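Following: one structure in C-alpha cells, then a few remarks.
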Amino acid sequence: MLAEVTLGLSWPILGAVVAGLTLVYLVILRPIYNVYFHPLRKYPGPKLWAASVLPWGFSFMAGNMHNSLMDIHTKYGPIVRVGPNELSYAIPEAWDDVYGRYRAGKRKENQKPSWYLSKDANDILGAATGDHGRMRKILSNGFTTNAMLEQEPAIAGYVDLLILRLRERAEDGKAAIDLWQWFVYCLFDVTGDLAFGEPFGCLRESMMHPWISFVLSNIKLTYIILLCTRIPFFFFFAPVLATIKLVREYAQHRKVLRETVDRRLALNVERPDLVQVMLTQKDGLKMSQEEIYSNAVTLTLAGAETTASALSGIMYMLASYPEVKAKLMKELQDTFKSEDEINMRSAMQLRYLAAVIDETFRYHPPGPNALWRTTPPEGNWILGDFIPGNTIVGIPHRVMYRSEANFKRADEFIPERWLADSKTSEFSTDRREGFHPFSYGPRNCIGLNLANAEMRFILARVLWNFDVEVTQQSRGWMDKQRSYLMWEKGGLYMYLKPKYSGSGASS
34 MLAEVTLGLS WPILGAVVAG LTLVYLVILR PIYNVYFHPL RKYPGPKLWA
84 ASVLPWGFSF MAGNMHNSLM DIHTKYGPIV RVGPNELSYA IPEAWDDVYG
134 RYRAGKRKEN QKPSWYLSKD ANDILGAATG DHGRMRKILS NGFTTNAMLE
184 QEPAIAGYVD LLILRLRERA EDGKAAIDLW QWFVYCLFDV TGDLAFGEPF
234 GCLRESMMHP WISFVLSNIK LTYIILLCTR IPFFFFFAPV LATIKLVREY
284 AQHRKVLRET VDRRLALNVE RPDLVQVMLT QKDGLKMSQE EIYSNAVTLT
334 LAGAETTASA LSGIMYMLAS YPEVKAKLMK ELQDTFKSED EINMRSAMQL
384 RYLAAVIDET FRYHPPGPNA LWRTTPPEGN WILGDFIPGN TIVGIPHRVM
434 YRSEANFKRA DEFIPERWLA DSKTSEFSTD RREGFHPFSY GPRNCIGLNL
484 ANAEMRFILA RVLWNFDVEV TQQSRGWMDK QRSYLMWEKG GLYMYLKPKY
534 SGSGASS
C-alpha cells in the first residue's frame, strides 16, 4: 500500500514531504524529546538550551559564552544543563571527575570531544590519548626546571631587547604604546627560539612577522570553523568561512615554518631547545618528522599568545588598581638593589607578584570558558552521579572563579586573598582547590612552569623600568573583550614612564 502511495507521488512532492517531516522532527519532536524525555532532563538549566544546540552555538559565535554561562549558573546553580547533551560544572570537586586520569575500577578518563580530535593529528593538542601520552612524555624533558634554567640566557636577551624598544618609544610617558603588541613580539621571539631554533625577528625589526599576523588574525575564525564541525546546521558555513585564499595562505605559512624547522635540523648540533627534545628518544619513544613540524608550530602559538595575553591582563589590572601596583613596587624595591639581580629564579621568590598573577587569572582567566570533555560510551561517574555515555561535560573557568560560593568577594580584585594563610582571614573559606587556570589532569598545560617563570621575570623587569598608566582609549579594555576558547582582544594602549636612564640592561 505504501509503495502504491509513494509511486503515485511526483518526486518534487515526495521531496517536499520528506523535507517537511524532517523539519517537524528537528523543530518540534526532537526538542520535545530533549526537554522532557532525554536522560539529562533532571538537570536544571534554560529550556531553550536543553531543547537545541543552537543557543549554545549562537552565543559562542557572538563571543558571549562567558556571560551566558555566568548568567545560567547564577540562575540555576553549580551544575547546569547548557545543551541537549551537555553539562557545565562550577564545583571544585568536579575537576578530578571531569578532567582527571583513568582510575582502575573507579573511573574512566573522559576524552576530548570528536570535533577537537583527529585520528591523523600530529600535535599534542589534537592527538588522541595514546599519541598524546607519547608526545607529552617526550616533550616533558623540555619543560623541567633544569631545561628552563638552560634557556634563561636566551630569554633574558629578548627581555633586554623588549625593555630597550619600550624605552625608545616611551617619550617620557607621553606616548601611547600598545603593550599587548610588544608582549606578543617578545613572547613569539622567545618561543620561536625555543621551538624552532631561531626567533621571528619581531623585536629586532619592531614589527609583526607575517606568520604571526596570519595566525592571530584567524584565531576566532579557527574556533568558528571548529564549531561548524560540531553543529550540523553550522557545518554549511564552514566552506564559506574557510575561503580558498585562507587555505592557500595557511599552506604557504606552514611551508615557511617547515623550512624553519628544517634549518634547525640541518644544524646537526645539540642546543637547549624543543627541537632537540623532540629529536631525543625517551624510553624507546620517538616522534616522526611530521610530529616535530606540527608540535613546533603548536607549542609556539600556545606558548606565546596565551602568555602575552596573560601579561597584558596583569598590567591592565595593575594600572587600574594603583594601591596594588604600589605594594608590588615596594616588594621589588625591598627585594632587589639593582636590575641585575632580577632573573628567572629570583623573580619566582616574589610572593606579592605571585598573588597578583593568581588574582588576575582568577578575575580574568586567559581561557574563560570550558575545555569540553566527553564521557566514554558506557558512561562515567561525576560527583557521585552517573552521567550517560557521550555526554559533553566541562568546567568554565570564569564561572568557577567568579562564584561567591567558591571565592569571597569574587567580583573584586584582591591579591591579598592568596597570601591569607590564617584561619581567621576573611578569605580562609576560599576554595583554592578549585583554581586551575592551566587546566587539570593529563592534558593540563605542559608549559605551565615555563610560562609562570617567564611572566614573573618579564613583569619584574618591566615594572622595575617603567611606571604604567592606562590611556583613555583602553579604559574598559577587559570589559570589551569577547571570548572564544581564548579572549579576542583589542590593543592595550598604555603610557610607560621610564624610571631610570639607560637601555634597560641594567640600572
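In the numbering used here, the protein residues as written are 34 to 540.
Ideal placement from N, C-alpha and C gives every residue a C-beta, glycine not left out.
Just so it is clear, the structure is predicted and the values come from calculations on it, not from any experiment.
Mind reading off the beta-carbon distance from residue 342 to residue 522? Whole number of angstroms is fine, and I expect it under 8 Å.
Stepping through the sequence shown from its first residue, residue 342 is reached at position 309. Stepping through the sequence shown from its first residue, residue 522 is reached at position 489. Confirmed, about 7 Å.
Residue range of the beta strand (DSSP E) that residue 527 falls in?
Within the sequence shown, residue 527 is the residue found at index 494, counting from 1. Per DSSP, the unbroken beta strand (DSSP E) holding residue 527 starts and ends at 526-531.
Which residue spans inside the region 384-446 form an unbroken alpha helix (DSSP H) run of at least 4?
If we require 4 residues or more, the alpha helix (DSSP H) runs fully inside the region 384-446 come out as 384-396, 430-434.
Per DSSP, what kind of secondary structure is residue 359 in: helix, strand or coil?
Counting from 1 along the sequence shown, the entry for residue 359 is found at position 326. Helix at residue 359.
Spatial neighbours of residue 538 within its chain, please: C-beta separation below 6 Å, excluding the five flanking residues on both sides.
Within the sequence shown, numbered from 1, the residue matching residue 538 stands at position 505. Caution applies to residue 538, whose pLDDT of 42 falls short of 50 and renders its modelled position unreliable; the model cannot decide the point.
Can you tell me whether residue 318 is helix, strand or coil according to DSSP?
Position 285 of the sequence shown holds residue 318. Residue state, collapsed to three classes: strand.
Note the first and the last residue of the continuous alpha helix (DSSP H) segment covering residue 69.
As a first step, residue 69 must be located in the sequence shown, where it is residue number 36. Segment 63-69, the alpha helix (DSSP H) holding residue 69.
Count Cβ pairs between the region 420-428 and the region 437-453 that sit closer than 8 Å; are there 3 or more?
no
Which whole-angstrom value describes the C-beta separation of residue 331 and residue 157, a residue pair presumed to lie in contact below a C-beta threshold of 8 Å?
As a first step, residue 331 must be located in the sequence shown, where it is residue number 298. As a first step, residue 157 must be located in the sequence shown, where it is residue number 124. Confirmed, about 6 Å.
Just to confirm the assignment, what range does the beta strand (DSSP E) spanning residue 126 have?
Looking up residue 126 in the sequence shown gives position 93. Where residue 126 is concerned, there is no enclosing beta strand (DSSP E), given that its DSSP letter is neither H nor E.
Considering only residues of the same chain and omitting the five flanking positions on each side of residue 46, which have a CB-CB separation below 6 Å?
Walking along the sequence shown from the start, residue 46 turns up at place 13. The answer is none, since no qualifying residue turns up.
Taking residue 500 as part of the beta strand (DSSP E), name the residues at either end of that continuous run.
Taking the first residue of the sequence shown as position 1, residue 500 is located at position 467. Residue 500 -> beta strand (DSSP E) spans 499-503.
From this set, 135, 402, 385, which residue's C-alpha is nearest residue 98's C-alpha?
Here the question's residue 98 lines up with position 65 in the sequence shown. The option with the nearest alpha carbon to residue 98 is 402.
If you count every other CB in all the chains shown that lies within 10 Å of the CB of residue 284, and 16 or more means buried, which is it?
Against the sequence shown, residue 284 aligns to sequence position 251. Around the beta carbon of residue 284, a 10 Å sphere encloses fewer than 16 other beta carbons of the protein chains shown; the residue is thus reported as exposed.
Please state if the CB of residue 229 and the CB of residue 297 are separated by a distance shorter than 8 Å.
Locating residue 297 in the sequence shown gives position 264, counting from the first residue. Locating residue 229 in the sequence shown gives position 196, counting from the first residue. Yes, they are a contact pair.
What does the Cβ neighbour count give for residue 551, buried or exposed, with the cut at 16 atoms within 10 Å?
Examination of residue 551 is not possible in this model, given that the chain is present from 34 through 540 alone.
Considering only DSSP beta bridges, list what residue 33 is partnered with.
Summary: the structure shown does not reach residue 33, with the chain confined to residues 34 through 540, and so no result is reported for it.
Residues in the same chain with beta-carbon distance under 6 Å from residue 185, minus the five sequence neighbours each way, listed in chain order, please.
One-based indexing of the sequence shown puts residue 185 at position 152. Answer for residue 185: 377, listed in chain order.
Answer with buried or exposed for residue 92, where buried requires no fewer than 16 other C-beta atoms within 10 angstroms of its C-beta.
On the sequence shown, residue 92 is found 59 positions in, with the first residue counted as 1. Residue 92 should be labelled buried.
Pairs of beta-carbons, one from the region 323-340 and one from the region 472-492, closer than 8 Å: are there three or more?
Touching, yes, given that three or more Cβ pairs across the two stretches are closer than 8 Å.
Quick one, are the C-beta atoms of residue 364 and residue 396 less than 8 Å apart?
In the sequence shown, counting from the first residue as 1, residue 364 sits at position 331. In the sequence shown, counting from the first residue as 1, residue 396 sits at position 363. Their beta carbons are not under 8 Å apart, which means residue 364 does not touch residue 396 by this criterion.
May I ask you to report which of helix, strand or coil DSSP gives residue 112?
To locate residue 112, count along the sequence shown from 1; it is residue 79. Of the three classes helix, strand and coil, the one that applies to residue 112 here is strand, per DSSP.
Would a C-beta distance cut-off of 8 Å place residue 163 and residue 115 closer than the cut-off?
Stepping through the sequence shown from its first residue, residue 163 is reached at position 130. Stepping through the sequence shown from its first residue, residue 115 is reached at position 82. Taking 8 Å as the Cβ cut-off, residue 163 and residue 115 do not qualify as a contacting pair.
Confirm, please, whether the CB-CB distance from residue 467 to residue 439 is below 8 Å.
Along the sequence shown, one-based indexing puts residue 439 at 406. Along the sequence shown, one-based indexing puts residue 467 at 434. In this structure, residue 467 lies closer than 8 Å to residue 439 by Cβ.
Taking the alpha carbon of residue 409 as the point to measure from, which residue in 142, 48, 132 has its own alpha carbon closest?
Here the question's residue 409 lines up with position 376 in the sequence shown. When each option's Cα is compared against that of residue 409, the closest is 142.
Please state if the CB of residue 529 and the CB of residue 203 are separated by a distance shorter than 8 Å.
Sequence index remark: in the sequence shown, residue 203 carries index 170 (1-based). Sequence index remark: in the sequence shown, residue 529 carries index 496 (1-based). Contact: yes.
Using the three-state DSSP reduction, which class does residue 43 fall into: helix, strand or coil?
Translated into positions along the sequence shown, residue 43 becomes position 10. Residue 43: coil per DSSP, three-state reduction.
What are the boundary residues of the beta strand (DSSP E) that includes residue 119?
Locating residue 119 in the sequence shown gives position 86, counting from the first residue. Unbroken beta strand (DSSP E) run through residue 119: 119-122.
Going along the chain, which residues of its own chain have a beta-carbon closer than 7 Å to the beta-carbon of residue 315, five neighbours each way excluded?
Residue mapping note: residue 315 aligns to position 282 of the sequence shown, counting from 1. Taken in chain order, the residues that qualify are 170, 171, 174.
If you draw a straight line from the alpha carbon of residue 201 to that of residue 374, how long is it in whole angstroms?
As a first step, residue 201 must be located in the sequence shown, where it is residue number 168. As a first step, residue 374 must be located in the sequence shown, where it is residue number 341. Their Cα atoms are separated by approximately 23 Å.
Checking 8 Å against the spacing of the C-beta atoms, do residue 240 and residue 527 come in under that value?
As a working mapping, residue 240 is identified with position 207 in the sequence shown. As a working mapping, residue 527 is identified with position 494 in the sequence shown. Not closer than 8 Å, so no.
Alpha carbons only, please: which of 492, 72, 120, 140 is nearest the one belonging to residue 350?
As a working mapping, residue 350 is identified with position 317 in the sequence shown. Measuring C-alpha to C-alpha distances from residue 350 to each of 492, 72, 120, 140 identifies 492 as the nearest.
So, under 8 Å CB-CB, residue 329 and residue 308 are touching, yes? Tell me the CB distance rounded to an integer number of Å.
Reading the sequence shown from its first residue, position 296 is the one you call residue 329. Reading the sequence shown from its first residue, position 275 is the one you call residue 308. Between residue 308 and residue 329 the Cβ distance is about 7 Å, and since that is below 8 Å, they are a contact.
Going straight from the alpha carbon of residue 133 to that of residue 434, what length do you get?
Numbered from 1 along the sequence shown, position 100 holds the residue referred to as residue 133. Numbered from 1 along the sequence shown, position 401 holds the residue referred to as residue 434. Going by the C-alpha atoms only, they are around 19 Å apart.
Would you mind reading off the limits of the beta strand (DSSP E) that contains residue 209?
For this step, residue 209 is matched to residue 176 along the sequence shown. That run of the beta strand (DSSP E) goes 209-211.
Check residue 97 in the structure and name its three-state DSSP category.
As a first step, residue 97 is located in the sequence shown; it is residue number 64 there, counting from the start. DSSP places residue 97 in strand when its eight states are reduced to three.
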